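Below is one structure, written out as structure tokens, with a few remarks after it.
Protein chains in written order, with the working numbering: chain A, 1 to 547; chain B, 1001 to 1218.
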């Protein structure tokens, strides 16, 4: 993890879990795996706080524990995972996707799971039903079975998965091999292997048979006291629903595959037209189940199959479909490739190549926005032609020599372009050496990714700064809103309401409005940068997988 | 960017000898904090989806603040004593007690036994000792007991001092009462004439080793 990543993780932890967890989390990120004692000693926090923070981190999957490196007797060690914490940036996108696919119920289920980390199906279903009931019209309640069915659908499509059962990391227990849930066949070695992924368990996506009969409860304001007392009583004796000990978590990888597909489809729609994007969408939908997450391209699909699976609203003729497919194959973005001639032509969607091209387009757009379109032309030229001398750059880009030199120097100083020396003689005499400019896509993408992390961290810090500056004003406005709400609930006269509203003066209101505007802008900027982060991360991960 | 100066210097050397044109002058000081940008950045993409995502993000942040996993340390800066502190503190304590994860999924050493401080504690002067509560919970490990004793003592002090207030004492005296109480406790604990600080009853022994039960204690 780089310094920028650690800084961003720290800020995200602070916003969502508080400063104590931030301190523990950043310490774990910077120093790797550590045991409890060292963490307490080095962070200087109290034992209780450290324990509680570690519980929170483990509960949300940001940290894992394993038995120590020195063998079964040593204390448990905790590692924090940087990637997992950075996912917090993407939570709104996950929730929104669930809403588009499975409606409000799906949205609330994913939101609950993201807020609580690992939860059981029964508790999630109950909470979601209650929340849905709150928002429904008077007298209507949400049935548990509806929520359960949405939950099952989410599990079937692999958006949710079970948390892997943990090995017993007891210091006093003898590490019984039967308890370590490794895949069958591995020897009972000391638990030093990487933690098993959730997918290595056969029951990862199996919905337990849960007996949940009931409807959501609406919380009425007048019965608040009673509700709290009955809720406390309910906590004392939890009802078991047959799924004790089975915890669920959100499967981020599946969401990422979905986002990747969406990005490809919208790219095709932007470059070509709606019909082509529908064709690509159909192809991706057909290969959803057959394609592994790390696959370079989808399984070959014949043109006949595609024709049959097109949505009925798009009744295009067969020859037109063939023409569209040919267009897609010939497109320089290489989204679709031809894999054979049987069945009217076998076509695949080139996933990795599409990601690489999208990343390339992102880099070009960054150069264009930062340095102007002529510098972007030079950049594109170098991407295409690999190595060029300065004279050749001037000629190919059709830019006067002086300006081309300036632009090249600027790009070089920003590290977007590299210089490659090719000597003619063993001593690197400058007059007898070729100096070639070149662009390497992968390292440049990595550099840009780090710069994105830095950007988001700066945005978050600025937002926190703005909030802190106007803390008094915000508190005052919150108090007044609370007073207004209570007055309205108890049915006050309009004069009283206006009187309370006037407690905020006009310039203060204006200040609040500008503050609100700034915070909204900073937040949406974070969301937008996260889209770029996703694209670059997917590209970099795809190159890792294939290499 | 530390290599920038170096890079430019070698460049100027090479380019000069090759081309004969003057290179751009090298920069000798750090760049300004907010440099003037030649190209203004693009505006943010608006639209329904972006606004909905924004609302989701802010709601999620707000919701996380109210969950029990948002940990705020109990110590707060007390620039001015406020009457509302009495009520705010009890709120925070409730939140800590709220969350009960499934302890089977966590390593044993992380288990924190947070118990509600005794609401029916006796009068201010005598602090009801934790051992009766210990026996109720049936904790056997001595070091865990000692550790919890320490943390509980602190919590009970706050609780009993709050109870004092509820009776008659004013808020200003709470500070003094706390300080006094610590001193008073020691004296009243055994109701002897001997000063407690001279006597070491071994309570501190073992409490410093926190909770790492694997370490041998000599």
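Just so you know, even glycine gets a beta-carbon here, dropped at the ideal spot from N, CA and C.
Predicted, not measured: the structure shown is a model, and the values here were computed from it.
Leaving out the 5 sequence neighbours to the left and right, which residues in its chain are closer than 6 Å to residue 1132 (chain B) when beta-carbon positions are compared?
The sequence position of residue 1132 (chain B) within the second chain is 132, counting from 1. The pLDDT assigned to residue 1132 (chain B) is 43, lower than 50, so where the model puts this residue is not dependable; a value taken from the coordinates is nonetheless given after this. Within the same chain, residue 1132 (chain B) has no close Cβ partners at all.
I'd like the list of long-range same chain contacts for residue 54 (chain A), defined as Cβ closer than 7 Å, with 5 residues on each side in sequence excluded.
In the first chain, counting from the first residue as 1, residue 54 (chain A) sits at position 54. Here the set comprises 24, 63 and 78.
So for residue 246 (chain A), helix, strand or coil by DSSP?
For the purposes of this step, residue 246 (chain A) is identified with residue 246 of the first chain, where counting begins at 1. Three-state result, residue 246 (chain A): coil.
Rounded to whole angstroms, how far is the Cβ of residue 255 (chain A) from the Cβ of residue 97 (chain A), which I believe are closer than 8 Å?
As a working mapping, residue 255 (chain A) is identified with position 255 in the first chain. As a working mapping, residue 97 (chain A) is identified with position 97 in the first chain. About 6 Å separates the beta carbons of residue 255 (chain A) and residue 97 (chain A), which is inside the 8 Å limit, making them a contact pair.
Give me the chain A residues within the contact set of residue 1056 (chain B), using Cβ-Cβ distance strictly less than 7 Å, ordered along the chain.
Within the second chain, numbered from 1, the residue matching residue 1056 (chain B) stands at position 56. Here the neighbours are 92, 95 and 96.
Closest to residue 274 (chain A) by C-alpha separation, out of A:328, A:319, A:289 and A:474, would be which residue?
Position 274 of the first chain, counting from 1, holds the residue named residue 274 (chain A). Looking at the Cα atoms, A:328 is the closest of the given residues.
Starting from residue 370 (chain A), find everything on chain B with Cβ-Cβ shorter than 7 Å and list it in chain order.
Stepping through the first chain from its first residue, residue 370 (chain A) is reached at position 370. Per Cβ cutoff of 7 Å: 1039.
Expressed to the nearest angstrom, what Euclidean distance is found between the alpha-carbon atoms of residue 509 (chain A) and residue 498 (chain A)?
As a position in the first chain, residue 509 (chain A) is number 509, starting the count at 1. As a position in the first chain, residue 498 (chain A) is number 498, starting the count at 1. Straight-line Cα distance between these residues: approximately 14 Å.
Hey, is the segment 376-383 of chain A in contact with the segment 349-367 of chain A, meaning 3+ C-beta pairs nearer than 8 Å?
Contact between the segment 376-383 of chain A and the segment 349-367 of chain A is present: three or more C-beta pairs spanning the two stretches fall below 8 Å.
Interface residues of chain A around residue 1153 (chain B) at Cβ under 8 Å?
On the second chain, position 153 is the one that residue 1153 (chain B) refers to. Those within 8 Å of residue 1153 (chain B) in chain A number zero; the least Cβ separation is about 13 Å.
Who does residue 348 (chain A) pair with in a DSSP beta bridge?
For the purposes of this step, residue 348 (chain A) is taken as residue 348 along the first chain, with counting starting at 1. Answer is A:337, bridged to residue 348 (chain A).
So which residues of chain B does residue 525 (chain A) contact, with C-beta pairs closer than 9 Å?
Translated into the one-based positions of the first chain, residue 525 (chain A) becomes position 525. In chain order: 1044.
Measuring CA to CA, which of A:106, A:531 and A:147 is closest to residue 126 (chain A)?
If you number the first chain from 1, residue 126 (chain A) lands on position 126. Of the candidates A:106, A:531 and A:147, the one whose C-alpha sits nearest the C-alpha of residue 126 (chain A) is A:147.
Chain B partners of residue 466 (chain A), CB-CB under 8 Å?
Position 466 of the first chain holds residue 466 (chain A). Here the premise fails: no neighbours, minimum Cβ distance about 14 Å.
Could you pull out every residue in the same chain whose Cβ sits closer than 6 Å to the Cβ of residue 452 (chain A), ignoring the five residues on either side in sequence?
Taking the first residue of the first chain as 1, we reach residue 452 (chain A) at position 452. Counting only Cβ-Cβ distances below 6 Å, and skipping sequence neighbours, we find 529, 532 and 533.
Considering just the uninterrupted stretch of the alpha helix (DSSP H) at residue 443 (chain A), what are its terminal residues?
Locating residue 443 (chain A) in the first chain gives position 443, counting from the first residue. Unbroken alpha helix (DSSP H) run through residue 443 (chain A): 441-469.
For residue 368 (chain A), which residues in the same chain have their Cβ closer than 7 Å to its Cβ, ignoring the five residues on either side in sequence?
For the purposes of this step, residue 368 (chain A) is identified with residue 368 of the first chain, where counting begins at 1. Cβ within range, chain order: 376.
Starting from residue 161 (chain A), follow the alpha helix (DSSP H) in both directions and report where the run begins and ends.
As a working note, residue 161 (chain A) is residue 161 in the first chain. Counting along the chain, residue 161 (chain A) falls outside any alpha helix (DSSP H), though it belongs to the beta strand (DSSP E) covering 160-162.
Quick check on residue 35 (chain A): does DSSP put it in helix, strand or coil?
Translated into positions along the first chain, residue 35 (chain A) becomes position 35. Strand.
For the beta strand (DSSP E) containing residue 78 (chain A), name the first residue and the last one.
Numbered from its first residue, the first chain carries residue 78 (chain A) at position 78. Looking at the DSSP string, the run of the beta strand (DSSP E) that includes residue 78 (chain A) is 77-80.
Just list the residues that DSSP pairs residue 252 (chain A) with in beta bridges.
Translated into the one-based positions of the first chain, residue 252 (chain A) becomes position 252. Per DSSP, residue 252 (chain A) has no beta bridge partner at all.
Residues in the same chain with beta-carbon distance under 7 Å from residue 551 (chain A), minus the five sequence neighbours each way, listed in chain order, please.
In the structure as shown, chain A begins at 1 and stops at 547. Residue 551 (chain A) is therefore absent and cannot be evaluated.
Please name the residue in A:410, A:35 and A:460 whose C-alpha comes closest to that of residue 1027 (chain B).
To locate residue 1027 (chain B), count along the second chain from 1; it is residue 27. Among A:410, A:35 and A:460, the Cα nearest to that of residue 1027 (chain B) is on A:410.
How would you list, in chain order, the residues of chain A whose beta-carbon sits under 9 Å from the beta-carbon of residue 1082 (chain B)?
Within the second chain, the letter at position 82 stands for residue 1082 (chain B). Those do not exist, as residue 1082 (chain B) stays about 13 Å from chain A at its closest Cβ, beyond 9 Å.
Assign residue 404 (chain A) to one of two classes, buried (16 or more other C-beta atoms within 10 Å of its C-beta) or exposed (fewer than that).
Within the first chain, the letter at position 404 stands for residue 404 (chain A). Under this definition residue 404 (chain A) is a buried residue.
Tell me where the beta strand (DSSP E) around residue 381 (chain A) begins and ends.
Within the first chain, residue 381 (chain A) is the residue found at index 381, counting from 1. Unbroken run through residue 381 (chain A) is the alpha helix (DSSP H), 373-385; no beta strand (DSSP E).
Is there at least one non-hydrogen atom of the ligand FMN closer than 8 Å to the beta-carbon of residue 1155 (chain B)?
Of the ligands one can find in the structure shown there are none, so the ligand FMN has no counterpart to examine.
For a test of the three-state rule: what should DSSP assign to residue 1072 (chain B), helix, strand or coil?
As a position in the second chain, residue 1072 (chain B) is number 72, starting the count at 1. It is coil, neither helix nor strand.
Which chain A residues sit within Cβ distance under 9 Å of residue 1029 (chain B)?
Residue mapping note: residue 1029 (chain B) aligns to position 29 of the second chain, counting from 1. In chain order: nothing, as chain A lies at least about 15 Å away.
Does any residue of chain B have a CB that is nearer than 9 Å to the CB of residue 163 (chain A)?
Translated into the one-based positions of the first chain, residue 163 (chain A) becomes position 163. Residue 163 (chain A) counts as touching chain B.
Decide if residue 22 (chain A) is buried, meaning its Cβ has at least 16 other Cβ atoms within 10 Å, or exposed.
In the first chain, the residue the question calls residue 22 (chain A) occupies position 22. Label assigned to residue 22 (chain A): buried.
In the DSSP assignment, what residue or residues form a beta bridge with residue 1081 (chain B)?
The residue given as residue 1081 (chain B) occupies position 81 in the second chain. Residue 1081 (chain B) is not bridged to any residue.
Starting from the beta carbon of residue 572 (chain A), find every residue of chain B whose beta carbon is closer than 7 Å, and list them in chain order.
This structure cannot speak to residue 572 (chain A), because chain A is shown only from 1 to 547.
Please confirm whether residue 416 (chain A) and residue 393 (chain A) have their CB atoms less than 9 Å apart.
Along the first chain, one-based indexing puts residue 416 (chain A) at 416. Along the first chain, one-based indexing puts residue 393 (chain A) at 393. No; because the gap between Cβ atoms is not below 9 Å, this pair is not in contact.
Would a C-beta distance cut-off of 9 Å place residue 456 (chain A) and residue 8 (chain A) closer than the cut-off?
In the first chain, counting from the first residue as 1, residue 456 (chain A) sits at position 456. In the first chain, counting from the first residue as 1, residue 8 (chain A) sits at position 8. Going by C-beta atoms, residue 456 (chain A) is nearer than 9 Å to residue 8 (chain A).
Could you name the residues that DSSP lists as bridge partners for residue 433 (chain A)?
To locate residue 433 (chain A), count along the first chain from 1; it is residue 433. Paired residues: A:423.
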